[in-house]
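Asks: Sequential numbering from 4 applies to the sequence shown in our numbering.
Sharing a structure here in C-alpha coordinates format.
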Amino acid sequence: MTNSEAPKAERYSTDLLKIPGMAFEITEPDPKKRIEAYIQAYRNPEMAHVQTFDLTFMRDHITVVSASTTPEKTTAVFEMKAAPLFTNRMGNMHGGAVAMIHDMCTTMAAAPLARRDFWWFGGVSRTLLITYLRPVRQNMDLVIECQVLQQGTRLSTIRGEMRDKRTGQLLSVAEHNKASINFVEAKSKI
4 MTNSEAPKAE RYSTDLLKIP GMAFEITEPD PKKRIEAYIQ AYRNPEMAHV QTFDLTFMRD
64 HITVVSASTT PEKTTAVFEM KAAPLFTNRM GNMHGGAVAM IHDMCTTMAA APLARRDFWW
124 FGGVSRTLLI TYLRPVRQNM DLVIECQVLQ QGTRLSTIRG EMRDKRTGQL LSVAEHNKAS
184 INFVEAKSKI
(Lines of atoms letter the chains of each structure in order from A; the text may use other names.)
(Lines give C-alpha, C1' and ligand atoms only; values in the text may rest on other atoms or scores of the structure.)
Protein backbone atom coordinates (compact mmCIF):
# COMPACT_ATOMS: atom_id res chain seq x y z
CA MET A 4 0.00 0.00 0.00
CA THR A 5 1.36 3.40 -0.94
CA ASN A 6 0.99 6.52 1.17
CA SER A 7 -1.71 7.81 -1.17
CA GLU A 8 -3.71 4.59 -0.64
CA ALA A 9 -3.39 4.58 3.15
CA PRO A 10 -6.53 5.56 5.05
CA LYS A 11 -6.41 9.11 6.40
CA ALA A 12 -6.36 9.52 10.16
CA GLU A 13 -9.43 11.26 11.49
CA ARG A 14 -8.80 14.76 12.81
CA TYR A 15 -10.00 15.75 16.25
CA SER A 16 -12.98 18.10 16.18
CA THR A 17 -13.33 21.18 18.38
CA ASP A 18 -16.52 19.53 19.70
CA LEU A 19 -14.26 17.43 21.94
CA LEU A 20 -13.15 20.56 23.76
CA LYS A 21 -16.71 21.06 25.04
CA ILE A 22 -16.50 17.88 27.12
CA PRO A 23 -15.84 18.78 30.78
CA GLY A 24 -12.18 18.19 31.65
CA MET A 25 -10.89 18.26 28.07
CA ALA A 26 -9.46 21.79 27.98
CA PHE A 27 -7.69 23.95 30.54
CA GLU A 28 -9.51 27.01 31.90
CA ILE A 29 -7.22 29.48 30.13
CA THR A 30 -9.14 32.53 31.38
CA GLU A 31 -8.08 31.76 34.98
CA PRO A 32 -4.74 33.54 35.62
CA ASP A 33 -3.88 31.86 38.95
CA PRO A 34 -1.91 28.61 38.28
CA LYS A 35 -3.38 26.66 41.21
CA LYS A 36 -6.94 27.80 40.51
CA ARG A 37 -6.51 26.88 36.85
CA ILE A 38 -5.59 23.31 37.82
CA GLU A 39 -8.40 23.20 40.40
CA ALA A 40 -10.87 24.24 37.68
CA TYR A 41 -9.59 21.42 35.47
CA ILE A 42 -10.06 18.88 38.27
CA GLN A 43 -13.49 20.33 39.10
CA ALA A 44 -14.61 19.80 35.49
CA TYR A 45 -14.33 16.04 36.09
CA ARG A 46 -16.87 16.47 38.92
CA ASN A 47 -19.40 18.07 36.57
CA PRO A 48 -22.83 16.38 36.99
CA GLU A 49 -22.83 15.85 33.19
CA MET A 50 -20.02 13.36 33.76
CA ALA A 51 -21.71 11.41 36.61
CA HIS A 52 -22.65 8.49 34.33
CA VAL A 53 -19.17 8.21 32.81
CA GLN A 54 -16.90 5.52 34.26
CA THR A 55 -13.45 5.81 32.71
CA PHE A 56 -10.05 5.02 34.14
CA ASP A 57 -8.93 8.63 34.43
CA LEU A 58 -12.29 10.11 35.43
CA THR A 59 -12.59 8.15 38.68
CA PHE A 60 -9.06 9.16 39.66
CA MET A 61 -9.59 12.83 38.81
CA ARG A 62 -13.04 13.08 40.37
CA ASP A 63 -12.36 11.28 43.64
CA HIS A 64 -8.65 10.93 44.41
CA ILE A 65 -6.40 13.87 43.50
CA THR A 66 -5.92 17.32 45.04
CA VAL A 67 -3.66 20.14 43.87
CA VAL A 68 -1.64 21.60 46.76
CA SER A 69 0.28 24.30 44.92
CA ALA A 70 1.17 25.50 41.45
CA SER A 71 3.35 28.30 40.17
CA THR A 72 4.85 29.58 36.99
CA THR A 73 7.68 32.01 36.35
CA PRO A 74 9.74 32.59 33.21
CA GLU A 75 12.29 30.13 34.64
CA LYS A 76 10.10 27.41 36.16
CA THR A 77 6.59 25.93 36.14
CA THR A 78 5.69 23.48 38.90
CA ALA A 79 2.68 21.81 40.50
CA VAL A 80 2.33 19.66 43.61
CA PHE A 81 -0.49 17.17 44.17
CA GLU A 82 -1.56 14.89 47.01
CA MET A 83 -3.56 11.70 47.20
CA LYS A 84 -3.98 8.51 49.20
CA ALA A 85 -3.07 5.15 47.65
CA ALA A 86 -6.67 3.89 47.70
CA PRO A 87 -7.41 0.14 47.43
CA LEU A 88 -8.83 0.80 43.93
CA PHE A 89 -5.26 1.38 42.69
CA THR A 90 -3.59 -1.56 44.43
CA ASN A 91 -2.90 -5.16 43.53
CA ARG A 92 -3.48 -8.25 45.69
CA MET A 93 -0.11 -7.71 47.38
CA GLY A 94 -1.37 -4.41 48.79
CA ASN A 95 0.94 -2.33 46.59
CA MET A 96 -0.15 0.26 44.06
CA HIS A 97 -0.27 -1.33 40.60
CA GLY A 98 2.43 -0.10 38.21
CA GLY A 99 -0.22 0.89 35.67
CA ALA A 100 -1.93 3.04 38.29
CA VAL A 101 1.39 4.73 39.12
CA ALA A 102 1.85 5.47 35.40
CA MET A 103 -1.69 6.87 35.07
CA ILE A 104 -1.17 9.12 38.11
CA HIS A 105 2.09 10.47 36.68
CA ASP A 106 0.40 10.91 33.28
CA MET A 107 -2.46 12.98 34.71
CA CYS A 108 -0.39 15.01 37.19
CA THR A 109 2.35 15.93 34.72
CA THR A 110 -0.31 16.94 32.20
CA MET A 111 -2.02 19.19 34.75
CA ALA A 112 1.34 20.73 35.69
CA ALA A 113 1.49 22.27 32.22
CA ALA A 114 -1.92 23.97 32.59
CA PRO A 115 -0.45 27.28 33.87
CA LEU A 116 1.36 27.71 30.52
CA ALA A 117 -1.72 27.13 28.37
CA ARG A 118 -3.36 29.85 26.33
CA ARG A 119 -5.69 29.98 23.34
CA ASP A 120 -4.17 27.86 20.55
CA PHE A 121 -1.16 26.95 22.70
CA TRP A 122 -1.55 23.80 24.79
CA TRP A 123 -5.09 24.70 25.90
CA PHE A 124 -5.75 20.97 25.61
CA GLY A 125 -3.22 18.86 27.52
CA GLY A 126 -1.93 17.11 24.42
CA VAL A 127 -1.24 13.42 23.89
CA SER A 128 1.53 11.26 25.28
CA ARG A 129 4.47 10.41 23.03
CA THR A 130 6.47 8.66 25.73
CA LEU A 131 5.91 8.10 29.43
CA LEU A 132 8.95 6.68 31.17
CA ILE A 133 8.40 5.54 34.76
CA THR A 134 11.18 4.38 37.06
CA TYR A 135 9.72 2.48 40.02
CA LEU A 136 12.04 2.81 43.01
CA ARG A 137 9.99 1.53 45.97
CA PRO A 138 6.56 -0.01 46.46
CA VAL A 139 3.62 2.29 47.12
CA ARG A 140 1.68 0.66 49.97
CA GLN A 141 -2.10 0.72 50.18
CA ASN A 142 -3.43 3.79 52.05
CA MET A 143 -0.03 5.53 51.91
CA ASP A 144 -0.35 9.31 51.68
CA LEU A 145 1.45 10.51 48.55
CA VAL A 146 2.89 13.74 47.20
CA ILE A 147 3.41 14.09 43.45
CA GLU A 148 5.76 16.94 42.48
CA CYS A 149 5.87 17.97 38.83
CA GLN A 150 8.00 20.38 36.83
CA VAL A 151 7.68 21.42 33.20
CA LEU A 152 11.21 21.05 31.81
CA GLN A 153 10.43 22.30 28.29
CA GLN A 154 7.34 23.33 26.38
CA GLY A 155 7.51 24.32 22.75
CA THR A 156 4.87 24.83 20.10
CA ARG A 157 4.38 21.10 19.46
CA LEU A 158 6.35 19.14 22.09
CA SER A 159 6.66 19.25 25.85
CA THR A 160 8.73 17.43 28.50
CA ILE A 161 7.50 17.23 32.09
CA ARG A 162 9.08 15.49 35.09
CA GLY A 163 7.19 13.95 38.00
CA GLU A 164 8.31 12.55 41.35
CA MET A 165 6.05 10.50 43.62
CA ARG A 166 6.98 10.55 47.32
CA ASP A 167 5.76 9.12 50.60
CA LYS A 168 4.24 12.19 52.27
CA ARG A 169 5.21 11.02 55.77
CA THR A 170 8.89 10.23 55.13
CA GLY A 171 9.65 12.15 51.93
CA GLN A 172 11.07 8.95 50.46
CA LEU A 173 11.14 8.92 46.65
CA LEU A 174 8.92 6.12 45.28
CA SER A 175 8.91 6.69 41.51
CA VAL A 176 10.10 9.13 38.87
CA ALA A 177 8.44 9.97 35.55
CA GLU A 178 9.52 11.70 32.38
CA HIS A 179 6.53 12.54 30.21
CA ASN A 180 6.97 13.70 26.62
CA LYS A 181 3.80 15.13 25.11
CA ALA A 182 2.67 16.36 21.70
CA SER A 183 0.19 19.14 21.11
CA ILE A 184 -2.58 18.39 18.65
CA ASN A 185 -4.55 20.69 16.39
CA PHE A 186 -8.33 20.60 16.37
CA VAL A 187 -10.45 21.21 13.29
CA GLU A 188 -13.68 23.18 13.45
CA ALA A 189 -16.66 20.90 13.90
CA LYS A 190 -18.80 20.51 10.80
CA SER A 191 -22.37 21.71 11.01
CA LYS A 192 -24.90 18.92 11.47
CA ILE A 193 -27.58 20.85 9.62
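For each residue, glycine too, the CB sits at the ideal point set by N, CA and C.
Between the C-alpha atoms of H179 and Q141, what's the straight-line distance to the nearest angstrom?
Replies: Computed Cα separation, rounded: 25 Å.
Asks: Answer yes or no: do I104 and A79 have a C-beta to C-beta separation smaller than 8 Å?
Replies: no
Asks: Could you name the residues of the same chain whose beta carbon sits closer than 7 Å to that of A100, not counting the 5 residues immediately before and after it, in chain order?
Replies: F89
Asks: Report yes or no: do three or more beta-carbon pairs, one from the stretch 10-29 and one from the stretch 107-123, lie closer than 8 Å?
Replies: yes
Asks: Count the other C-beta atoms from every protein chain shown that fall within 10 angstroms of the C-beta of F56, then say buried if there are 16 or more, exposed otherwise.
Replies: Answer is exposed; the Cβ neighbour count stays below 16.
Asks: Do you know how far the Cα of T170 is from the Cα of Y15?
Replies: Answer to the nearest angstrom: the Cα atoms are 44 Å apart.
Asks: Would you kindly report the start and end of the unbroken beta strand (DSSP E) that includes Q172?
Replies: Neither: Q172 is in no beta strand (DSSP E) and is coded neither H nor E.
Asks: Consult DSSP for E82 and reduce its assignment to one of helix, strand or coil.
Replies: strand
Asks: Run through DSSP, which three-state label would K21 get?
Replies: helix
Asks: Please return the same chain residues whose Cβ sits closer than 8 Å to the Cβ of K84, not counting the five positions on each side in sequence.
Replies: H64, N142, M143, D144, L145
Asks: What three-state label does DSSP hand V101 in the structure shown?
Replies: helix
Asks: Nearest CA to the CA of I161: which residue from R137, M50, G126, P138?
Replies: Nearest neighbour of I161 by Cα position, chosen from R137, M50, G126, P138, turns out to be G126.
Asks: Do C108 and I147 come within 8 Å of each other at the CB atom, strictly closer than that value?
Replies: yes
Asks: For A182 and R166, which I take to be in contact (beta-carbon distance under 8 Å), what is that distance rounded to the nearest angstrom?
Replies: Not quite, the Cβ-Cβ distance comes to about 28 Å (not below 8 Å), so this is no contact.
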